[in-house]
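**Student:** Plus 2 on top of the position in the sequence shown (first one is 1) and you've got this note's numbering. Got a structure here, written out as structure tokens. Questions coming.
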Amino acid sequence: ETKNKNLTKGFDEVIEKTSAILQHNKESDYVEEALLMTGKSFYYQQNYSRALRKFNELGTVEDSEYQLVNKLWIGKTLLQLREFNKALNVLDEVKQEAAAEEEEEVLEEVYKSKIGYLIYEEEFETALIEIDEFLSTDIDDELRAEVYYEMGLLYNFTEDYENAEKAFQS
């Protein structure tokens, strides 16, 4: 309970400070970062419509260095707003761009978001395809182990014990 209050207070402070930058320093080099941070803060506060407004606002900034990351957050936010088709289209675009630009962290986040959604929707076959694709990317050993573990759990849940065993062994 106290931890949640502290988190909320922290996000409120971020929003307050970034809003000050956006109101009083529109020409600042920090405007793009302030928009992204504000959007993320709203997202973590589960205020998804306000988060999406900030991400969309950042999306209008031409040649933003945060363009790809922002698009990722738009996709994640659309998932939360239950605009699934739109979200999945955005995440697929981000996946292609991140792979082409070798933006591994963004790519990881896309896979995590998409796989999480597919499992939530109980689309296990599709989730397993995404997991397989994710495992073919350049991820560190610790994350790879976690992904194989989750894959094993998923195979176990779908009663495919042979593949579950293989995944757990991997």
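Each residue gets a CB set at the ideal place from its N, CA and C atoms; glycine is no exception.
Check the C-beta distance from Glu-105 over to Tyr-68 and give it rounded, since I have them as a contact under 8 Å.
**Tutor:** That pair is no contact at about 12 Å.
**Student:** Would a C-beta distance cut-off of 8 Å place Ser-115 and Tyr-150 closer than the cut-off?
**Tutor:** Contact: no.
**Student:** By Cβ distance below 8 Å, which residues in the same chain neighbour Leu-38 in space, the five residues on each side in sequence not counted?
**Tutor:** The answer, listed in chain order, is Lys-56, Phe-57, Leu-60, Tyr-68, Val-71, Asn-72, Trp-75.
**Student:** Could you say which of Tyr-163, Ala-129, Gln-82, Tyr-113 lies nearest to Asp-140 if we only look at CA atoms?
**Tutor:** Of the listed residues, the one whose Cα sits closest to Asp-140 is Tyr-113.
**Student:** Can you say whether Glu-123 is buried or exposed, counting buried as having 16 or more other CB atoms within 10 angstroms of its CB?
**Tutor:** It counts as exposed.
**Student:** How big is the Cα-Cα spacing for Asp-142 and Phe-136?
**Tutor:** When rounded, the distance between both Cα atoms is 12 Å.
**Student:** Roughly how many angstroms separate the alpha carbons of Gly-41 and Leu-54, rounded to a whole number?
**Tutor:** Their Cα atoms are separated by approximately 7 Å.
**Student:** With 16 other CB atoms within 10 Å as the buried threshold, where does Ala-102 fall?
**Tutor:** Exposed.
**Student:** Using a Cβ-Cβ cut-off of 7 Å (strictly less than) and excluding sequence neighbours within five positions of Val-108, which residues of its own chain qualify?
**Tutor:** Closer than 7 Å at the Cβ level, and outside the excluded window around Val-108, lie Leu-70, Val-71, Leu-74, Val-96, Ala-100.
**Student:** Going by C-alpha to C-alpha distance, which of Thr-79, Val-63, Thr-62 sits closest to Gln-47?
**Tutor:** Closest by alpha carbon: Thr-79.
**Student:** Between the C-alpha atoms of Lys-88 and Leu-155, what's the straight-line distance to the nearest angstrom?
**Tutor:** C-alpha separation (whole angstroms): 29 Å.
**Student:** Within its chain, find whatever has a CB closer than 8 Å to the CB of Phe-159; leave out the 5 residues flanking it on each side and keep chain order.
**Tutor:** The answer, listed in chain order, is Phe-126.
**Student:** Whole angstroms are fine: how far does the CA of Glu-164 sit from the CA of Asp-44?
**Tutor:** Here residue 44 turns out to be Phe, not Asp, going by the sequence shown. Whole-angstrom Cα-Cα distance: 43 Å.
**Student:** Output the boundary residues of the alpha helix (DSSP H) element that contains Leu-90.
**Tutor:** Residues 86-102.
**Student:** Starting from Glu-123, trace the alpha helix (DSSP H) in both directions and tell me its first and last residue.
**Tutor:** Where Glu-123 is concerned, there is no enclosing alpha helix (DSSP H), given that its DSSP letter is neither H nor E.
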